[in-house]
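Accompanying notes for the structure given below.
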Amino acid sequence: MSDFSAEFSLNLRRAGVVGAGGAGFPAYIKARGKAEYAIVNAAECEPLLKKDQKILEYFPEKVFDGLELLMRAVGAKHGIVGIKKKHEKIIPRLESIAKSRGNISVLKMGDYYPAGDEQCLVYEATGRIVPPGGIPLDVGCVVSNVETLYNAAFPGRPVTETFVTVNGAVKKPATFKVPVGITWREAVDLCGGSTVKDAAYIDGGPMMGRVMTDFELPVVKASAGIIVLPRTHQLIVKKAQSRSVFTRIGRSACDQCSFCTEFCPRYLLGHDVQPHRVMRNMLFSSGPEHKLHGRYGLLCCECSLCSLYACPEGLNPREACVAAKADLREIKIGFKNSPLNTGRAPQVHPVREFRKVPVLKLIKRLGLEDYNKDAPWSDVSYKPARVKILMSQHIGAPSVPSVREGQRVEIGAVVGDLPADKPGCPVHASIPGTVGKVNEKYVEIIA
Ligand code: SF4
Ligand code: SF4
248 MSDFSAEFSL NLRRAGVVGA GGAGFPAYIK ARGKAEYAIV NAAECEPLLK
298 KDQKILEYFP EKVFDGLELL MRAVGAKHGI VGIKKKHEKI IPRLESIAKS
348 RGNISVLKMG DYYPAGDEQC LVYEATGRIV PPGGIPLDVG CVVSNVETLY
398 NAAFPGRPVT ETFVTVNGAV KKPATFKVPV GITWREAVDL CGGSTVKDAA
448 YIDGGPMMGR VMTDFELPVV KASAGIIVLP RTHQLIVKKA QSRSVFTRIG
498 RSACDQCSFC TEFCPRYLLG HDVQPHRVMR NMLFSSGPEH KLHGRYGLLC
548 CECSLCSLYA CPEGLNPREA CVAAKADLRE IKIGFKNSPL NTGRAPQVHP
598 VREFRKVPVL KLIKRLGLED YNKDAPWSDV SYKPARVKIL MSQHIGAPSV
648 PSVREGQRVE IGAVVGDLPA DKPGCPVHAS IPGTVGKVNE KYVEIIA
């Protein structure tokens with residue numbers, strides 16, 4: 248690792264920069280790799296989320312600054328900004344900045360789901376296929392989210408704010424920057440409140456996000472936004488289906504048509520993901536818990552296309568794959584030690600190009616047509632009365648509180664940390680104030 252890479256990755260860790268597209272992967276780990284291509288994932292394929300577009304519209308220079316730093320750190324010869332061509336309003340500006348920086352190009356993609364799947368994006372940008380069970384670095388690529396690169400452009404500056412979109416059943420959908428640790432209720436109030444009495448929300452996009460009902464939960468660094476919906480909305484009901492329900496229905500109703508597999512983006516890339524075979528496995532699962540040991544879900548990226556779009560019976564093959572992965576993990580089986588790990592190079596399916604799912608069609612299928620609105624940029628400067636800083640806002644080990652109750656902290660102060668040899672990032676105070684409650688899960692700060 249060069250001196251620059253070492254310093255850059257150290258700064259990313261100190262600042263607590265994590266993947267801001269939902270996953271929360273610590274950015275410093277990626278910055279330590281070596282890659283030929285650094286790719287900005289600006290595809291934002293989750294319907295109704297707008298924050299990446301807004302960051303690129305209002306702060307494009309910063310994203311390019313972050314990209315250039317990352318390129319230098321990993322030794323990338325090429326930078327690529329992958330964005331959907333429908334964003335014609337912002338693309339000319341991006342192309343002009345890219346030209347002025349050199350070695351950076353803008354890849355204009357179609358409006359399909361899941362264009363932002365990391366491995367699909369790598370293929371579209373470079374023609375390379377990430378090997379089954381592998382990561383983009385295996386094929387000389389590093390992929391970063393727009394907001395992650397925005398944060399990386401301020402070396403060593405602690406991440407205390409995050410960009411989020413609040414869309415769906417709210418009075419004025421919007422995209423804004425708020426202090427980490429405010430509640431989702433406060434974020435919804437910034438949009439004029441919900442338009443429905445009995446609301447739930449999806450944390451993240453409608454496809455990959457999780458259904459939540461507690462609006463008092465805090466916004467974290469990896470938050471991309473929420474979609475507020477009536478609790479009775481078909482998407483909330485389907486996504487909240489319990490394991491016993493999707494197993495009971497799946498066992499009796501799956502006719503093995505295999506549409507779920509035929510539309511699976513990872514299957515189409517040549518990976519051995521076959522959700523219909525996991526569904527078939529349900530018929531042979533036994534015991535009260537119906538443990539699923541179907542290995543054909545091991546490489547599932549949990550995009551939900553099979554459950555929320557492809558299956559004509561409205562079944563839940565995605566959840567079957569998630570359950571199967573967990574059940575196999577219990578008996579210590581992962582892709583690497585499964586019979587799927589043949590070492591054969593994947594071959595892209597010949598009709599992949601024609602099975603890309605148009606987002607507008609998907610929105611219709613999800614019952615989200617009435618909520619498919621812009622969430623314009625709003626320059627709010629919200630000063631919360633208190634924030635709750637979670638110790639685990641990233642993949643890896645949780646941080647450990649490093650402050651005590653009653654202590655005064657300034658914005659940016661480290662309130663949770665972990666040893667340098669553990670994968671993870673420190674977390675910081677997002678407002679100045681006095682430390683309230685402290686426990687292993689969070690640190691509260693009162694303004
Ligand atoms: S698409 Fe639905 S019915 Fe067809 S195989 Fe998959 S889960 Fe079964
Ligand atoms: S959720 Fe379904 S469509 Fe998506 S990767 Fe997994 S099996 Fe394939």
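248 is the number of the first residue of the sequence shown in our numbering; add one for each residue after it.
We put the beta carbon where it would ideally sit given N, CA and C, even for glycine.
A quick note: this is a predicted structure, and the numbers were derived from the prediction, not measured.
_Taking the beta carbon of Asn-414 as the centre, do at least 16 other beta carbons fall within 10 Å, making it buried, or is it exposed?_
buried
*Determine, using beta carbons only, whether Pro-307 and Leu-354 come nearer to each other than 8 Å.*
no
*asked:* Quick check: does the Cβ of Arg-524 come within less than 7 Å of any heavy atom belonging to ligand 2?
replied: no
*Would DSSP call Phe-410 helix, strand or coil?*
strand
*Have a look at Ala-285, Val-389, Pro-273 and Glu-577 and flag the residue whose alpha-carbon is nearest the alpha-carbon of His-325.*
Ala-285
_Candidates Trp-431, Leu-437 and Ala-557, of which the one nearest Leu-613 by Cα_ = Ala-557
*Taking the Cβ atom as the reference point for each residue, do Pro-597 and Leu-516 lie within a distance shorter than 8 Å?*
no
_Secondary structure of Asn-258, DSSP reduced to three states_ = helix
_His-523 (DSSP reduced to helix, strand or coil)_ = helix
_DSSP three-state assignment for Ile-276, whether helix, strand or coil_ = helix
*So who's on the other strand from His-334, going by DSSP bridges?*
Answer is none; His-334 lacks a bridge partner.
*Would DSSP call Glu-293 helix, strand or coil?*
coil
*Spatially closest choice to Cys-292 from Arg-260, Gly-374, Asp-364 and Ser-391, by CA coordinates*: Asp-364
*Taking the runs of the alpha helix (DSSP H) that are 4 residues or longer, which of them lie wholly in the stretch 555-599?*
564-577
*Going by CA-CA distance only, name the one from Lys-684, Arg-490, Val-647 and Thr-395 that's closest to Lys-220.*
Since the first and last residues shown for the chain are 248 and 694, residue 220 lies out of range.
*Starting from Cys-507, follow the alpha helix (DSSP H) in both directions and report where the run begins and ends.*
506-510
*asked:* Which residue marks the beginning of the beta strand (DSSP E) containing Val-390, and which one marks its end?
replied: 388-392
*To which residues does DSSP link Met-248 through a beta bridge?*
In DSSP, Met-248 forms no bridge with anything.
_Test item: CB-CB of Val-411 and Val-435 under 8 Å_ = no
_Check whether Arg-235 and Ala-447 have beta carbons under 8 Å apart_ = The question about residue 235 has no answer, for the chain in this structure spans 248 to 694.
*DSSP three-state call for Glu-691: helix, strand or coil?*
strand
_Residue range of the beta strand (DSSP E) that includes Thr-494_ = Looking at the DSSP string, Thr-494 is not in any beta strand (DSSP E); the run it does join, the alpha helix (DSSP H), is 490-500.
*Might you give, ordered along the chain, the residues of its own chain that have their beta carbon closer than 6 Å to the beta carbon of Asp-664, omitting 5 neighbours on each side?*
Ser-646, Ser-649 and Pro-673
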